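Numbering (the UniProt record's numbering), first residue to last: 1 to 751.
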């Protein structure tokens, strides 16, 4: 049952403890730390090239500007960013670091003069297929090409080759294909280019030049010409400028020429891929091959993507994945290959694929099932990315409907640190951490230290998307969703701010426990065993305790404090995003139907950890403090007439809004008469506005901010009844105790 009810981080620890390979210490930990660095690059690092803004700031600017642009014009904006002319391609730094040679220009002009300027990719594919048919490799080549999203012409070409008899020579094949003399000459040029010195001849440069427009008189460059010819508006040009600025800053920081890649190689790769030909090391220079072609093959970059926001996000993420994640992935792959347990290998491999942004099996299966459903229903094929778009859109909407601006949720997050950190660190160290974080003199330093150590995650992307497919695909939710999310961003920030507060307290409370004992250990007054007991290191997973012990023995005390502080911030405060949901939910379906199930799953893990680790004294202290804080919160609420039971305690429900909807759909069809009526009422109430008119309840999982509206509507009703206190509590989302509730535990939910 572990994959179903346990967060992936704990699953990795359990696998390592069982001797199934170092899945945690050499798998999860390096991957997790690398992802923190990537997130920090995107969210927190101030860029001089962006006027002191972060990439997150620029992405928000792009998102805000795109709202005012017709979605049909997105490809035009992307085309403007990619625009380049023959004159720009030919000069040094245009496409290559060197200028095109006279021979390259002569051949390009010959091909263009033959009317084949846009056909080099098609003829490249044809040449490769001819070679394959002569060496009995045709079936494998065709199978590989069919995995790519091909143009109709390329699909016809594959069908044609499948019908051809085996050929003995290239001339025989070209005759069967009824190629013109010019096409034959170009194929000969292509074939000969493979033996040419790559420093003196590039077939890719020839192809790019032959298919590009010439710079017309009166225009400064290709972008100005493209904007005029496509009638671009000021709003569209403003978005293009933001996109270009952002991408140039990212590429420059990575030591890659943005102009060469974005205008030179990347858009032309789209034409090659449509013909089933992905350029390799025989055609592209090493820096381009590593960045463009390799990441396209892996699925991390989508060459067909023309949404400016998604394009920028994917490029930036890819740049910093290359810097921080790629260096550790080689060793992680060795660990995965070394395990003999197929389940562990599958679970951890899918997690790594997810981090890299590569769709894994669960996404493919859902897309396939949706394709079958729509084909049966309406007889049409659905778009390639419909599954991910639907899931990311729905999940983002639900997050925005339930979370932002609700004071009770924010307050609960503040209380969570007292409920869950103090039992692990002890009350005195909890209050030391609390004081360090809240003091005006040390607050900035406290948060910066926690951020640097990785205890606080950068940005609001993770909290906003929760278990949405945004984590995999980036900001791909429909533009209507982005309009709503811009409104509720501040509410998400307040919600995450309370979470980050608790993470910082957890980090520093544990850090103090470590550093308080360093002097005694360094001077030989206590042994390493006594150090671990006094610093509560034994209350951590044995794997984490061993990591900390190794740091301490090597006198790297700060590293030990950072590691355990980061771990405690994850184990004590509810987490969102990578590896924080149960492994069994690590799929599109699981994310959608398990949304908001993080609290009970992680709280279950928290209780198990607290009651099974450390000495008997540690466990007893954990239980007493946790029970005391829980009872105190409930009693404090009861003393003023509010029920705070849902701020504490293990809640067994691990589903989410869409689970409720699914159950209601089933009951509305096959339930009893009463169940059908209740289920249909619930379903109807989730239709925005219509449900409000019918039931008087504005809450809907499809209407961002609707749960806040529900709180305010409850407050209005209480005010009309003269119940001032009820109105105050209802307005912030706190449930007032009913007259028949003698204690906070006597909660009865109304239908």
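Glycine included, each C-beta is placed from N, C-alpha and C at the ideal position.
Predicted model, so just to flag it, every value in this text is computed and none were measured.
*When DSSP builds the beta bridges, which residues end up paired with residue 53?*
Along the chain shown, read from residue 1 onward, the residue named residue 53 stands at position 53. For residue 53, which the question treats as bridged, DSSP gives the partners 47.
*asked:* Pop quiz: residue 633 and residue 498 are said to be a contact at Cβ under 8 Å. What is the actual Cβ separation, rounded to whole angstroms?
replied: Residue mapping note: residue 633 aligns to position 633 of the chain shown, counting from 1. Residue mapping note: residue 498 aligns to position 498 of the chain shown, counting from 1. The pair is not a contact, with the Cβ atoms about 15 Å apart (cut-off 8 Å).
_CB of residue 25 within 8 Å of CB of residue 543, strictly_ = Working through the chain shown from its first residue, we reach residue 25 at position 25. Working through the chain shown from its first residue, we reach residue 543 at position 543. In contact: residue 25 and residue 543 (Cβ atoms closer than 8 Å).
_Bridge partner(s) assigned by DSSP for residue 736_ = Numbered from its first residue, the chain shown carries residue 736 at position 736. BP columns for residue 736 point to 642.
*asked:* Cutting at 7 Å between CB atoms, please list the residues of its own chain near residue 239, excluding the five before and the five after it.
replied: Looking up residue 239 in the chain shown gives position 239. 62, 65, 66, 69, 77, 308, listed in sequence order.
*Please classify residue 8: does DSSP put it in a helix, a strand, or coil?*
Residue numbering aside, residue 8 sits at position 8 when the chain shown is read from its first letter. Three-state result, residue 8: helix.
*Would you check if the distance between the CB atom of residue 421 and the CB atom of residue 506 is smaller than 8 Å?*
On the chain shown, residue 421 is found 421 positions in, with the first residue counted as 1. On the chain shown, residue 506 is found 506 positions in, with the first residue counted as 1. Yes, the Cβ-Cβ distance between residue 421 and residue 506 is below 8 Å.
*Distance, Cα to Cα, residue 303 vs residue 150?*
Within the chain shown, residue 303 is the residue found at index 303, counting from 1. Within the chain shown, residue 150 is the residue found at index 150, counting from 1. Roughly 12 Å between the two C-alpha positions.
*If you count every other CB in all the chains shown that lies within 10 Å of the CB of residue 48, and 16 or more means buried, which is it?*
Counting from one through the chain shown, the residue named residue 48 turns up at place 48. Exposed, since its Cβ has fewer than 16 Cβ neighbours within 10 Å.
*Can you tell me the Cα-Cα spacing of residue 524 and residue 530, whole angstroms?*
Working through the chain shown from its first residue, we reach residue 524 at position 524. Working through the chain shown from its first residue, we reach residue 530 at position 530. The straight-line gap from Cα to Cα measures roughly 11 Å.
*Would a C-beta distance cut-off of 8 Å place residue 82 and residue 221 closer than the cut-off?*
Position 82 of the chain shown, counting from 1, holds the residue named residue 82. Position 221 of the chain shown, counting from 1, holds the residue named residue 221. Their beta carbons are not under 8 Å apart, which means residue 82 does not touch residue 221 by this criterion.
*asked:* Are the CB atoms of residue 275 and residue 128 within a distance shorter than 8 Å?
replied: For the purposes of this step, residue 128 is taken as residue 128 along the chain shown, with counting starting at 1. For the purposes of this step, residue 275 is taken as residue 275 along the chain shown, with counting starting at 1. Not a contact, by the Cβ cut-off of 8 Å.
_Within the continuous alpha helix (DSSP H) that includes residue 521, where are the two ends?_
Position 521 of the chain shown, counted from the first residue, corresponds to residue 521. Element bounds for residue 521: 518–522.
*By Cβ distance, which residues of its chain are closer than 8 Å to residue 219, with the 5 residues on each side in sequence left out?*
On the chain shown, position 219 is the one that residue 219 refers to. If we look at residue 219 and ignore the five residues flanking it on each side, its Cβ neighbours are 225, 228.
*Whose C-beta lies closer than 6 Å to the C-beta of residue 186 among residues of the same chain, with five residues either side of it excluded?*
As a first step, residue 186 must be located in the chain shown, where it is residue number 186. Contacts found: 111, 116, 123.
*In angstroms, rounded to a whole number, what distance separates the CA positions of residue 560 and residue 715?*
For this step, residue 560 is matched to residue 560 along the chain shown. For this step, residue 715 is matched to residue 715 along the chain shown. The alpha-carbon atoms of residue 560 and residue 715 are separated by roughly 49 Å.
*Are residue 315 and residue 247 closer than 8 Å when you measure CB to CB?*
Working through the chain shown from its first residue, we reach residue 315 at position 315. Working through the chain shown from its first residue, we reach residue 247 at position 247. It is a contact, given that the beta carbons lie within the stated cut-off.
_Whole angstroms are fine: how far does the CA of residue 189 sit from the CA of residue 96?_
Taking the chain shown and counting its residues from 1, one reaches residue 96 at position 96. Taking the chain shown and counting its residues from 1, one reaches residue 189 at position 189. Computed Cα separation, rounded: 20 Å.
*asked:* Are there any heavy atoms of the ligand FMN lying less than 7 Å away from the beta-carbon of residue 444, as far as the coordinates show?
replied: As presented, the structure is devoid of all ligands, the ligand FMN included, so that no description of it is given.
*Identity of the residue in 55, 16, 623, 51 nearest residue 313 by Cα*: Locating residue 313 in the chain shown gives position 313, counting from the first residue. For the residues 55, 16, 623, 51, the minimum Cα distance to residue 313 belongs to 55.
*Cβ neighbour criterion (16 or more within 10 Å) applied to residue 726*: Reading the chain shown from its first residue, position 726 is the one you call residue 726. Under this definition residue 726 is a buried residue.
*Just the Cα atoms here: how many angstroms apart are residue 253 and residue 327?*
In the chain shown, residue 253 corresponds to position 253, counting from 1. In the chain shown, residue 327 corresponds to position 327, counting from 1. Going from the Cα of residue 253 to the Cα of residue 327 covers about 18 Å.
*To which residues of the same chain is residue 461 closer than 6 Å at the C-beta, ignoring the five residues directly before and after it?*
Counting from 1 along the chain shown, the entry for residue 461 is found at position 461. Unreliable placement is indicated for residue 461, whose pLDDT of 45 sits below 50; the coordinate value is still reported in the next sentence. So the list is empty, once near-sequence residues are dropped.
_Beta-carbon contacts of residue 199 that lie in its chain and below 8 Å, excluding the five residues immediately before and after_ = Here residue 199 refers to the residue found at position 199 of the chain shown. Closer than 8 Å at Cβ, skipping near neighbours: 98.
*Between the CA atoms of residue 447 and residue 635 - distance to the nearest angstrom*: Along the chain shown, read from residue 1 onward, the residue named residue 635 stands at position 635. Along the chain shown, read from residue 1 onward, the residue named residue 447 stands at position 447. One C-alpha to the other measures close to 32 Å.
*asked:* Quick check on DSSP: helix, strand or coil for residue 147?
replied: As a first step, residue 147 is located in the chain shown; it is residue number 147 there, counting from the start. Residue 147: coil per DSSP, three-state reduction.
*Hey, residue 193 and residue 201: beta-carbon distance below 8 Å or not?*
As a working note, residue 193 is residue 193 in the chain shown. As a working note, residue 201 is residue 201 in the chain shown. Cβ atoms of residue 193 and residue 201: closer than 8 Å.
*Extent of the continuous alpha helix (DSSP H) to which residue 318 belongs*: The residue given as residue 318 occupies position 318 in the chain shown. From DSSP, the alpha helix (DSSP H) with residue 318 extends over 308–324.
*Taking only the alpha-carbon atoms, compute the straight-line gap between residue 256 and residue 306 and give it to the nearest angstrom.*
Mapped onto the chain shown, residue 256 falls at position 256. Mapped onto the chain shown, residue 306 falls at position 306. Looking at the two C-alpha atoms, the distance is approximately 21 Å.
*Under the rule that 16 or more other beta-carbon atoms within 10 Å means buried, what is residue 344, buried or exposed?*
Residue numbering aside, residue 344 sits at position 344 when the chain shown is read from its first letter. Residue 344 should be labelled buried.
*asked:* Once DSSP output is grouped into helix, strand and coil, what is the label at residue 442?
replied: Working through the chain shown from its first residue, we reach residue 442 at position 442. Here residue 442 sits in coil by DSSP.
*residue 133 - DSSP class collapsed to helix/strand/coil*: What you label residue 133 is simply residue 133 of the chain shown in a count that begins at 1. If DSSP states are grouped into helix, strand and coil, residue 133 belongs with the helices.
*Mark residue 424 as exposed unless 16 or more other C-beta atoms lie within 10 angstroms of its C-beta, in which case mark it buried.*
Locating residue 424 in the chain shown gives position 424, counting from the first residue. When all chains shown are included, residue 424 counts as buried.
*Looking at residue 564 and residue 537, is the spacing between their C-beta atoms short of 8 Å?*
For the purposes of this step, residue 537 is taken as the residue at position 537 of the chain shown. For the purposes of this step, residue 564 is taken as the residue at position 564 of the chain shown. Going by C-beta atoms, residue 537 is nearer than 8 Å to residue 564.
*If you run the structure through DSSP and keep just helix, strand and coil, what is residue 20?*
The sequence position of residue 20 within the chain shown is 20, counting from 1. Coil at residue 20, not helix or strand.
*Since residue 549 is in the alpha helix (DSSP H), which residue starts that stretch and which ends it?*
The residue given as residue 549 occupies position 549 in the chain shown. That run of the alpha helix (DSSP H) goes 542–553.
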